[in-house]
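Chains as they are written, first to last, in numbering that gives the first Met the number 0: chain A, 0 to 383; chain B, 0 to 383.
To keep things clear, I will list the structure first and then write my remarks on it.
There are 2 protein chains.
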Amino acid sequence: MSSDFIYLDHAAATPMDSKVLTAMQPYFSELFYNPSSPYSPAISVRRDYEEAKHQLAQSIGAKQDELVMTAGATESINLAFGSIKGHVVTANIEHHAVLAAAQIRDHTLVESDARGFISAESVKLAIKPTTELVSIALANNELGTIQPLRDIAQVVKQEREARLGRGDTTPIYLHTDASQGVGQIDINVARLGVDLLTLNAAKIYGPKQVGLLWAASGVRLSPQIVGGGQESGIRSGTENVAGVIGFATALSLASEHRKYESERLTVLRDSLQSQLLAAFPEAVISGHPKHRLGGHLHISFPDLDAERIVFALENRRVLVATGSACAANFGTRSHVLTAIGLAPEVADGSLRLTLGHLSTEENTSEAARIIIEEITREYNRTTK
Amino acid sequence: MSSDFIYLDHAAATPMDSKVLTAMQPYFSELFYNPSSPYSPAISVRRDYEEAKHQLAQSIGAKQDELVMTAGATESINLAFGSIKGHVVTANIEHHAVLAAAQIRDHTLVESDARGFISAESVKLAIKPTTELVSIALANNELGTIQPLRDIAQVVKQEREARLGRGDTTPIYLHTDASQGVGQIDINVARLGVDLLTLNAAKIYGPKQVGLLWAASGVRLSPQIVGGGQESGIRSGTENVAGVIGFATALSLASEHRKYESERLTVLRDSLQSQLLAAFPEAVISGHPKHRLGGHLHISFPDLDAERIVFALENRRVLVATGSACAANFGTRSHVLTAIGLAPEVADGSLRLTLGHLSTEENTSEAARIIIEEITREYNRTTK
Chain A
0 MSSDFIYLDH AAATPMDSKV LTAMQPYFSE LFYNPSSPYS PAISVRRDYE
50 EAKHQLAQSI GAKQDELVMT AGATESINLA FGSIKGHVVT ANIEHHAVLA
100 AAQIRDHTLV ESDARGFISA ESVKLAIKPT TELVSIALAN NELGTIQPLR
150 DIAQVVKQER EARLGRGDTT PIYLHTDASQ GVGQIDINVA RLGVDLLTLN
200 AAKIYGPKQV GLLWAASGVR LSPQIVGGGQ ESGIRSGTEN VAGVIGFATA
250 LSLASEHRKY ESERLTVLRD SLQSQLLAAF PEAVISGHPK HRLGGHLHIS
300 FPDLDAERIV FALENRRVLV ATGSACAANF GTRSHVLTAI GLAPEVADGS
350 LRLTLGHLST EENTSEAARI IIEEITREYN RTTK
Chain B
0 MSSDFIYLDH AAATPMDSKV LTAMQPYFSE LFYNPSSPYS PAISVRRDYE
50 EAKHQLAQSI GAKQDELVMT AGATESINLA FGSIKGHVVT ANIEHHAVLA
100 AAQIRDHTLV ESDARGFISA ESVKLAIKPT TELVSIALAN NELGTIQPLR
150 DIAQVVKQER EARLGRGDTT PIYLHTDASQ GVGQIDINVA RLGVDLLTLN
200 AAKIYGPKQV GLLWAASGVR LSPQIVGGGQ ESGIRSGTEN VAGVIGFATA
250 LSLASEHRKY ESERLTVLRD SLQSQLLAAF PEAVISGHPK HRLGGHLHIS
300 FPDLDAERIV FALENRRVLV ATGSACAANF GTRSHVLTAI GLAPEVADGS
350 LRLTLGHLST EENTSEAARI IIEEITREYN RTTK
């Protein structure tokens, strides 16, 4: 990106890491072969592709043949939902991709609390005898609230055991979209206790339109895209060799730097939050005070217009979001802010500031200073 | 690719053109923004993305809002098939992606003639009152036979008019997978007379896992992947900005050089064909003698084992295919060769040689010489 911008929207998109691009580069030109071709240079490309899948699987504590490579989180989510027939439980603060996939099926939306937190208890109450899928994101993309996945996994496990106990063979699976937060939270599938997990390369400094769906070995997926039989017949189409190799590099880097980066971002975010709250005591911080992604800061300035602030900040070379990028596109109030019960005059003045690789102590302090100036100007303007 | 290989498998995969990579490069890093974000650097990326779609549309004589960007031809085909409810007519020599999409629906397979040619008459006979989709590839990927799309379009048009005449509102559409041959045949959608058209960037020196489905304005598509509402709600997921920009560059280059390149490849292919036939008069050329892609040469050496030949040629640094890359993966005889009635002992000795950008007069002559040596050696071995 142009180095003169201060980018505070890492949850919407991330620039590709130079190491990721370096890893991909040979597969654009020199090693361009179709991995299904029979000669050894193509077989070697097939091996590199499989090795990248192996590396991805290792990063989440899974086996390579449990991964299906997709064109991103949205496709992964659709593949997970498309593989089940029964009732679905998800939450009213989930990403549009999950909500849209739920809405075309029999579903129940669990309600978030005011912190954007989905309790295991509320999931338990929503499960019906016909429920086959529970889908809760690892972390909310707008608020950064980290969900109690392990507790929810316990609830799903109890339901599964209760069904087995009464001879009911209706399956029930737990899916999580872990796209948001994979750079900051441990995503070992066994420790999370999930059955299905979605990841997206574009959120972790990898290529766009590259994702995966992990499914535990007992889960049977139904192909949404049929054809040449790639990805064990679950997702046909000539493999995105460069993309998957870039994804593997990105996930390895994310895993390697997770602890350090998460702590670094938390320090920066806490400092930004303190400075803004000191200047505007009436500002409202949303998201869970404790269980929140280190780089996420959702802050509302009552009675201000977030779109005006985004524009004013952009003029000062600071890039921020009003909500999730997808939702922003519709020009409507974020469903997440409505769900957590923010009053309209608070919700409409909300910014989502998300820190990441491009954030430094220096540019975050600079951003704080500029945001304070511009918010002050807006408050002065509106109270005149 | 390593310059010491002679690559004769352009139908399976193509190396990315350096101009394509140059066009994509800024969108990996500097211009990485989510096109749905609200600030002007992201809006500018959105504009570049839309401009690339506009350019793609122009290359096929269509309008930008009639394009849906996908992760490749297989997804495009699945999207086209998934949008119709009724009976489907396709051919027994189609690509696996089309056959697989047809097989999960009520369908009729039109039989190819011995040249891999699908007559409009045979399509006409297969259309039933419930037929809603006819899908015939522009050119067959194994044989290179170019299909009489305009004649087939006439048949579909007549059926549509007959239905309208009797007040029957069942729609009928013509879809073509034009992935194979877009670099060599005019693909103006109006001139082809199709209603739906699939293209793939990976076959024309563009990135892998990038494709499009064009649908005429009257055709209503049903989304297979729901979520954030991208691509007018037909195909959700954060846009593959770099990929689509690379695709637009690749298609522009293909259109610009089509005439010259098609003639150049035809000369090279004809020379290769003559040399091989002169050396092996018993060899069988498949595909239409006149209506055939310039770069395609399908040749069978009776009683030889194609897999052995592929291996022997690879040892001499010449890369060829036994059939389509996808089919090769299954280790079974090509369904196309069975469909055109090649005797097993002829089919099993078949090579698909496909020329393209990496082909020169020099390396094609060199390949002819090496193929002749190796085939001679194989015949000597088998007749001992």
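By construction, the Cβ of each residue, glycine as well, lies at the ideal position given by its N, Cα and C atoms.
Source: prediction; values computed, not measured.
C-beta neighbour in chain B for residue i, strict 8 Å
| i | result |
| --- | --- |
| glycine 166 of chain A | no |
| glutamate 313 of chain A | yes |
| methionine 0 of chain A | Here the model assigns methionine 0 of chain A a pLDDT of 46, short of 50, so the residue's position is not dependable, and the following value carries that caveat. Chain B contact via Cβ: present. |
| aspartate 105 of chain A | no |
| alanine 249 of chain A | no |
| aspartate 8 of chain A | yes |
| alanine 327 of chain A | Unreliable placement is indicated for alanine 327 of chain A, whose pLDDT of 47 sits below 50; no coordinate value is reported for it. |
| glutamate 71 of chain A | Per the sequence shown, residue 71 of chain A should be read as glycine rather than glutamate. Yes, contact with chain B. |
| glutamine 63 of chain A | no |
| glutamine 183 of chain A | no |
| asparagine 77 of chain A | yes |
| glutamine 146 of chain A | no |
| tyrosine 378 of chain A | no |
Residue interval of the beta strand (DSSP E) (run including residue i)
| i | result |
| --- | --- |
| histidine 353 of chain A | A quick correction: the sequence has threonine, not histidine, at residue 353 of chain A. Threonine 353 of chain A -> beta strand (DSSP E) spans 349–353. |
| aspartate 176 of chain A | 172–176 |
| glycine 210 of chain A | 210–214 |
| threonine 69 of chain B | 66–69 |
| leucine 195 of chain A | 195–199 |
Delimiting residues of the alpha helix (DSSP H) encompassing residue i
| i | result |
| --- | --- |
| aspartate 47 of chain A | 39–58 |
| leucine 163 of chain A | 148–164 |
| valine 133 of chain B | First-last for valine 133 of chain B: 130–134, but that is the beta strand (DSSP E), not the alpha helix (DSSP H). |
| threonine 13 of chain A | Where threonine 13 of chain A is concerned, there is no enclosing alpha helix (DSSP H), given that its DSSP letter is neither H nor E. |
| leucine 191 of chain B | 188–191 |
| asparagine 384 of chain B | What the structure shows of chain B is the stretch from 0 to 383, and residue 384 of chain B is not part of that stretch, so it cannot be assessed. |
| threonine 337 of chain B | 334–338 |
| proline 222 of chain A | First-last for proline 222 of chain A: undefined, no H or E at that position. |
| proline 343 of chain A | 343–346 |
Of the residues the options, the one placed nearest residue i, counting alpha carbons only
| i | options | result |
| --- | --- | --- |
| threonine 337 of chain B | B:Glu110, B:Leu78, B:Pro34 and B:Gln272 | B:Glu110 |
| lysine 123 of chain B | B:Leu142, B:Ala138, B:Arg104 and B:Leu148 | B:Leu148 |
| isoleucine 135 of chain A | A:Gln157, A:Arg165, A:Ala161 and A:Ala100 | A:Ala100 |
| leucine 7 of chain A | A:Arg368, A:Pro343, A:Gly355 and A:Leu142 | A:Gly355 |
| leucine 191 of chain A | A:Ser364, A:Glu344 and A:Gln146 | A:Gln146 |
| threonine 129 of chain B | B:Glu120, B:Pro170 and B:Thr144 | B:Pro170 |
| leucine 30 of chain A | B:Ala72, B:Asn140 and B:Lys207 | B:Lys207 |
| histidine 95 of chain A | B:Leu211, B:Arg234 and B:Glu344 | B:Arg234 |
| phenylalanine 310 of chain A | B:Ala56, B:Ser231 and B:Ser36 | B:Ser36 |
| serine 299 of chain A | A:Gly340, A:Tyr259 and A:Leu264 | A:Gly340 |
| aspartate 167 of chain B | B:Glu158, B:Val240 and B:Tyr32 | B:Glu158 |
Buried or exposed by the 16-neighbour rule on C-beta atoms within 10 Å, applied to residue i
| i | result |
| --- | --- |
| serine 358 of chain B | buried |
| threonine 382 of chain A | exposed |
| glutamate 281 of chain B | exposed |
| alanine 152 of chain B | buried |
| alanine 189 of chain B | exposed |
| glutamate 262 of chain A | exposed |
| asparagine 187 of chain A | exposed |
| arginine 268 of chain B | buried |
| serine 75 of chain B | buried |
| arginine 351 of chain A | buried |
| threonine 375 of chain A | exposed |
| proline 222 of chain A | buried |
| aspartate 47 of chain B | buried |
| threonine 331 of chain B | exposed |
| proline 34 of chain B | buried |
| asparagine 140 of chain A | buried |
Residue i at chain A interface by Cβ criterion, 8 Å
| i | result |
| --- | --- |
| glycine 236 of chain B | yes |
| phenylalanine 116 of chain B | no |
| glycine 355 of chain B | no |
| isoleucine 224 of chain B | yes |
| threonine 331 of chain B | no |
| threonine 13 of chain B | yes |
| valine 240 of chain B | yes |
Which ranges does the alpha helix (DSSP H) cover as unbroken runs of at least 4 residues, wholly within the stretch 233–319 of chain B, from first to last along the chain? 240–278 and 305–314
Which ranges would you report for the alpha helix (DSSP H) in the stretch 81–120 of chain B if only whole runs of at least 4 residues count? 95–102
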